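One structure is given below, encoded as structure tokens.
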Amino acid sequence: MIDVSIPQFKQIEAADEKAYTVFVIEVCAAGRRHTLEKRYSELHALHRELKKSHLTPEFPPKRVRNWNPKVLEQRRRGLEAYLQGLIHQDILPKILLDFLEINMATQLGYEEIDGISGERNKASHQPVLCFSADSFLHPSQKGGLPDIVVVGVSQALDLNLQ
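Terminal number for the sequence shown in the UniProt record's numbering: 162, no gaps in between.
Listed below in structure tokens is the structure:
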């Protein structure tokens with residue numbers, strides 16, 4: 001499960017260029033949380049790329065008349081709704097995962113292994129679930145596999161439907 005929010009925006013004052021706004025994006029995937037700072041133009045570039053091959057939610061308008069906090073807050077909410085609309089799709093485009101700096105192998109709990117040296121970059125511990133016997137390989141009735149759904153429901157309802 002991936003969760004994305006934009007809790008705030010902030011003004012960046014740069015000495016060599018004029019001030020600009022960044023949106024702080026919080027990404028939580030597989031229990032790991034990280035933050036990114038992206039400008040509107042970076043989000044708009046992502047939108048332009050995605051809409052070439054994917055269905056995308058509505059993107060907040062590019063033009064705003066003034067840069068007061070109320071207008072920036074509206075833009076923040078619009079961008080947050082846009083990102084949340086993207087991550088709730090069935091298939092997440094690689095470009096979106098790259099933009100949000102999500103490595104799917106890591107998020108799914110696989111270890112990253114360096115292809116050249118074979119060294120592990122990151123240890124991962126995942127719970128392991130084992131079964132001692134496969135109920136499908138050991139049928140309980142003569143002539144085939146039992147209907148485990150009917151048996152389970154009848155046991156749960158305490159009915160003798162067999």
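We put the CB at the ideal spot given by N, CA and C, even for glycine.
No experiment lies behind these values; they were computed from the predicted model shown.
List the DSSP bridge partners of residue 10. Sequence index remark: in the sequence shown, residue 10 carries index 10 (1-based). DSSP output for residue 10 lists 22 as bridge partner(s).
Go ahead and pull the three-state DSSP assignment for residue 3. As a first step, residue 3 must be located in the sequence shown, where it is residue number 3. Three-state DSSP puts residue 3 in a strand.
From 5, 41 and 100, residue whose alpha carbon lies closest to that of residue 20: Along the sequence shown, one-based indexing puts residue 20 at 20. Comparing Cα positions, the closest option is 41.
First and last residue of the alpha helix (DSSP H) that includes residue 157? By 1-based counting over the sequence shown, the position of residue 157 is 157. Where residue 157 is concerned, the enclosing alpha helix (DSSP H) stretches over 148-157.
Could one say the Cβ of residue 25 lies closer than 8 Å to chain C's Cβ atoms, at least one of them? Note that chain C does not occur in the displayed structure, where there is just one protein chain.
Taking Cβ positions, are residue 76 and residue 9 nearer each other than 8 Å? Against the sequence shown, residue 76 aligns to sequence position 76. Against the sequence shown, residue 9 aligns to sequence position 9. Taking 8 Å as the Cβ cut-off, residue 76 and residue 9 qualify as a contacting pair.
Tell me, please, whether the region 18-36 touches the region 94-104 by the rule of three or more beta-carbon pairs shorter than 8 Å. yes
Considering just the uninterrupted stretch of the beta strand (DSSP E) at residue 36, what are its terminal residues? Here residue 36 refers to the residue found at position 36 of the sequence shown. That run of the beta strand (DSSP E) goes 32-39.
Per DSSP, the bridge partner or partners of residue 29: Locating residue 29 in the sequence shown gives position 29, where the first residue counts as 1. In the DSSP output, where bridge partners are listed per residue, residue 29 has 2 and 32.
Taking all protein chains shown into account, do 16 or more other C-beta atoms lie within 10 angstroms of the C-beta of residue 83, making it buried, or fewer, making it exposed? Here residue 83 refers to the residue found at position 83 when the sequence shown is read from its first residue. Under this definition residue 83 is a buried residue.
Go ahead and pull the three-state DSSP assignment for residue 92. Sequence index remark: in the sequence shown, residue 92 carries index 92 (1-based). Looking at residue 92 - three-state DSSP - the assignment turns out to be coil, as it is neither helix nor strand.
Give the DSSP-derived three-state secondary structure of residue 98 in the structure shown. As a first step, residue 98 must be located in the sequence shown, where it is residue number 98. Looking at residue 98 - three-state DSSP - the assignment turns out to be helix.
How long is the line joining the alpha carbons of residue 152 and residue 1, rounded to whole angstroms? Taking the sequence shown and counting its residues from 1, the one referred to as residue 152 is at position 152. Taking the sequence shown and counting its residues from 1, the one referred to as residue 1 is at position 1. Near 30 Å, if we compare the C-alpha coordinates of residue 1 and residue 152.
Only counting the same chain, and skipping five residues up and downstream in sequence, which positions put a Cβ closer than 6 Å to that of residue 88? The count along the sequence shown starts at 1 and reaches residue 88 at position 88. Cβ neighbours of residue 88 beyond the five flanking positions: none.
Quick check: the Cα distance between residue 45 and residue 154, rounded to an integer number of angstroms? Within the sequence shown, the letter at position 45 stands for residue 45. Within the sequence shown, the letter at position 154 stands for residue 154. So the two alpha carbons sit approximately 56 Å from each other.
Excluding the 5 residues flanking residue 13 on each side, which residues of the same chain have their C-beta closer than 7 Å to its C-beta? Counted from its first residue, the sequence shown places residue 13 at position 13. Result list for residue 13: 19, in chain order.
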